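One structure is given here, and the rest of the page talks about it.
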Amino acid sequence: MIALDTNVLVRFLVEDDAAQLAKARRLLQKAVDSNSVCYVSDVVMCELVWVLERSYKLRRSEIGQVLGRLLRAGNLAFSSSEKLARALEAYDAGRGDFADYVIREHARASGYEAVATFDGDLLKEPGFVAV
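According to this note's numbering, the sequence shown is numbered sequentially starting from 649.
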C-alpha cells in the first residue's frame with residue numbers, strides 16, 4: 649500500500665499536465681489491478697480542496713461531488729472516511745472551509761465539544777465557539 653500526495657490527486661482529477669496525468673493513472677490503475685489500496689490522509693484531502701478552490705476555481709458543489717467520489721472509491725483508504733464524510737456534508741451546507749469541518753470532526757471524535765475560533769461564519773454553526 650502506498651500513500652498519495654495531493655499533487656497526484658490533483659493531476660488525476662484536473663488532467664492539466666499530460667505527463668503527470670499518465671503517471672498518476674498508471675499508479676492508480678496498478679492499485680486497481682492488484683486489488684490494493686492507496687492511502688489518502690486528511691491533510692491531503694484538506695489540501696486538495698484548497699487547491700481546487702483557489703487554483704482551479706471550482707465551486708463548492710463541484711468539489712463536494714469530487715470528494716464524494718473519492719470517499720466512495722474502493723481503492724482509496726482514509727484514516728476516517730466517516731469523519732471526512734461528515735466534514736464534507738458540513739462543507740456542502742456551510743460557509744467554512746473544508747479543513748475547519750475536518751478539525752471539528754477530529755475534536756468531536758476526541759471527546760471535545762467545540763472548537764474555539766475567531767471565524768465569525770463558523771460561530772453560527774454547531775461545534776464552534778468564540779474565543
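Just so it is clear, CB atoms sit at the ideal spot from N, CA and C, and this is done for glycine as well.
The model shown is predicted, which means the values in this text are computed figures rather than measured ones.
Backbone CA spacing between residue i and residue j [nearest angstrom]
i	j	result
residue 673	residue 658	11 Å
residue 756	residue 775	8 Å
residue 748	residue 695	12 Å
residue 667	residue 711	24 Å
residue 742	residue 663	28 Å
residue 699	residue 665	15 Å
residue 760	residue 661	35 Å
residue 722	residue 675	15 Å
For residue i, three-class secondary structure by DSSP
i	result
residue 779	coil
residue 760	coil
Where the alpha helix (DSSP H) containing residue i begins and where it ends
i	result
residue 749	746-757
residue 660	654-662
residue 734	729-741
Beta-carbon proximity of residue i to residue j, cut-off 8 Å
i	j	result
residue 651	residue 684	no
residue 764	residue 777	yes
residue 736	residue 770	no
Residue ranges of each beta strand (DSSP E) within the region 682-723, 3 or longer
686-688
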